[in-house]
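Numbering (full-length UniProt numbering), first residue to last: 1 to 248.
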């Protein structure tokens, strides 16, 4: 079915390839193109959207850079999935100067409970008065040593059925589980970083002394339509690691 572009006013004008990008995102959001599936060719999309193939290519290039789509040489362009190696840990920005880089060895789930949301969580997740959030607490081991403590908050109406038992039984990355079991793909996140001292309960889990400096990273992760779907609060040991980022 051909989709025509809605005309833009001068106040909301965006380049044509950006408009094609938004139409592709809409198709992903509605589930027309499923995670892991191949999308139509650039030529087919150009006919569908009534634009040049170069315009479609530029939109796909941008979505590929953002890890929303993945090009496979000789096979086509696929919808990214959190099970893909290059996508799986794209939000894990810890790096090391040690040979071999960071080796993520395991994730230990401490708890998974339904709790009352904070005002911030209620607002971000657009929860009704009686609705809850799911709180996952876990310790992530890097190179066989505890290095990260996280508290992850999710809207319970979306993640109904997410339990401690499910987290233990499914041996897959957390974002892969969100995608496979709950149809939630997380595309981007906003983060706030600050230095803090390790509280006693976290120090025990990370096997360090209370008061040791940690890097605090607070994240809000978004799915399609810029909808917040996760609030994550992480405390990172940085004695052997550093936080890396690329700025454009």
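Glycine residues also receive a C-beta, built at the ideal position from the N, C-alpha and C atoms. Quick caveat, the model's predicted, so the values are computed rather than measured.
For residue i, tell me which candidate among the options has the shortest Cα-Cα distance.
i, options, result
"residue 116", "110, 124, 106 and 135", "135"
"residue 179", "144, 151, 138 and 224", "224"
"residue 236", "229, 199, 78 and 230", "199"
"residue 154", "131, 146 and 51", "131"
"residue 244", "189, 95, 56 and 145", "95"
"residue 217", "79, 193 and 56", "193"
Does residue i pass the burial test, meaning 16 or more other C-beta atoms within 10 Å, or should it be called exposed?
i, result
"residue 7", "Confidence at residue 7 is low in this model, with a pLDDT of 39, below 50, so its placement is unreliable and the value that follows should be read with caution. Residue 7 should be labelled exposed."
"residue 139", "buried"
"residue 74", "exposed"
"residue 221", "buried"
"residue 186", "buried"
"residue 213", "exposed"
What is the residue span of the alpha helix (DSSP H) that residue i lies within?
i, result
"residue 150", "No alpha helix (DSSP H) holds residue 150; the beta strand (DSSP E) holding it covers 145-155."
"residue 240", "From DSSP, residue 240 is part of no alpha helix (DSSP H); its letter is neither H nor E."
"residue 165", "164-169"
"residue 126", "Run containing residue 126: none; DSSP gives neither H nor E here."
What is the residue span of the beta strand (DSSP E) that residue i lies within?
i, result
"residue 142", "133-142"
State the beta-bridge partners of residue i as determined by DSSP.
i, result
"residue 234", "150 and 217"
"residue 94", "243"
"residue 114", "134"
"residue 108", "139"
_To test your reading of the DSSP string, which unbroken beta strand (DSSP E) runs of 3 or more residues are found completely within the UniProt domain "HTH gntR-type" (14-82)?_
69-72 and 76-79
*Would you mind listing the alpha helix (DSSP H) stretches within the region 174-231 that are 4+ residues and don't spill past its ends, in chain order?*
174-182 and 200-206
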